[in-house]
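J.: For reference, the structure I am asking about is given below.
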Amino acid sequence: MFEEFDFDLIYRERTKAAPLGVMMCGIAGSGKTTFSKILEQEGFVRLSIDEEIWAVNGRWGVDFPMEKFEEYRKAAERRLQVRLLKLLRDKQDTVIDFSFWDRKRRNAYKQMIEDSGGSWKLIYLKVHHDELRKRLKLRNKRFDANSFPISEELLTSYLEDFEIPNGEGEIVIGN
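Counting in the UniProt record's numbering, the sequence shown runs from 1 upward without gaps.
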């Protein structure tokens with residue numbers, strides 16, 4: 001999936017002096033977790049909001065009602081922020097496997113990373129809507145932390161609300 005991407009664009013930013021925080025950005029099904037796991041194999045600590053929610057609360061729509069998702073997401077994000085800050089203070093490179101769908105949150109994390117002595121990279125995975133639908137159709141059949149069900153209605157709302165990064169120092173991967 002990412003065979004053509006030059007990972008050295010990220011790896012050469014790694015230094016002993018300043019930890020690197022890689023922020024994944026994209027719609028559900030765009031490949032954020034797949035990309036993050038590649039970085040994890042190279043020594044980055046991966047922080048996944050989906051996996052944090054799963055570990056604490058179970059599967060969305062199965063172990064807890066969908067109405068609780070936002071409450072659980074906020075709590076999971078607070079826990080991961082605490083962990084992120086500790087990792088950065090410890091000079092550990094991280095990859096943040098969130099959607100970062102809005103500019104305000106992206107800017108807040110950039111500032112958080114910089115205030116902790118780190119540098120950041122924003123990776124935007126740009127995938128055509130039809131391809132997202134194909135991927136999500138397959139993913140919805142799985143049963144793991146990274147495959148919570150995405151209906152057509154939910155995907156449509158994600159697509160409508162997503163703020164595409166533009167002029168934010170993003171690296172764009174995709175079409």
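Don't be surprised by glycine CBs; every beta carbon is placed ideally from N, CA and C.
Does DSSP put residue 53 in a helix, in a strand, or in coil?
T.: Looking at residue 53 - three-state DSSP - the assignment turns out to be helix.
J.: State the CB to CB distance for the pair residue 95 and residue 46, rounded to an integer number of angstroms; the pair is presumed to be in contact (CB under 8 Å).
T.: 5 Å between Cβ atoms; contact.
J.: At the level of alpha carbons, what is the spacing between residue 33 and residue 97?
T.: In a straight line, the C-alpha of residue 33 is about 6 Å away from that of residue 97.
J.: Under the three-state reduction of DSSP, which class applies to residue 145: helix, strand or coil?
T.: Because the pLDDT of residue 145 is 48, which lies under 50, any placement of that residue in the model is unreliable, and the number read from its coordinates should be weighed accordingly. DSSP places residue 145 in coil when its eight states are reduced to three.
J.: Where does residue 10 sit, in a helix, a strand or coil, going by DSSP?
T.: Residue state, collapsed to three classes: helix.
J.: Taking the alpha-carbon positions, what's the residue 20 to residue 107 distance?
T.: Spanning the two alpha carbons is a distance of roughly 16 Å.
J.: Give me whichever residues DSSP pairs with residue 170 in a beta bridge.
T.: Note: residue 170 sits in a beta bridge opposite 122.
J.: Taking the beta strand (DSSP E) that residue 24 falls in, what are its first and last residues?
T.: 20-25 is the extent of the beta strand (DSSP E) around residue 24.
J.: So for residue 36, helix, strand or coil by DSSP?
T.: Helix, per DSSP.
J.: With DSSP run on the structure shown, which of helix, strand or coil describes residue 164?
T.: If DSSP states are grouped into helix, strand and coil, residue 164 belongs with coil.
J.: Measure the beta-carbon distance from residue 125 to residue 173 and round it to whole angstroms, keeping in mind my assumption that it falls under 8 Å.
T.: So it is a contact: roughly 5 Å between Cβ atoms.
J.: If we ignore side chains and look at the alpha-carbon of each, how far apart do residue 164 and residue 18 end up?
T.: In a straight line, the C-alpha of residue 164 is about 28 Å away from that of residue 18.
J.: In terms of alpha-carbon separation, which member of 71, 54, 92, 74 lies closest to residue 13?
T.: The residue with the shortest Cα to Cα distance from residue 13 is 92.
J.: Tell me which same chain residues have a C-beta within less than 7 Å of the C-beta of residue 35, skipping the five on either side of it?
T.: If we look at residue 35 and ignore the five residues flanking it on each side, its Cβ neighbours are 2, 24, 123, 125.
J.: How far does the alpha helix (DSSP H) with residue 89 in it extend, from its first residue to its last?
T.: Start and end: 69-89.
J.: Which partner residues of residue 47 appear in the DSSP bridge assignment?
T.: Partner(s): 96.
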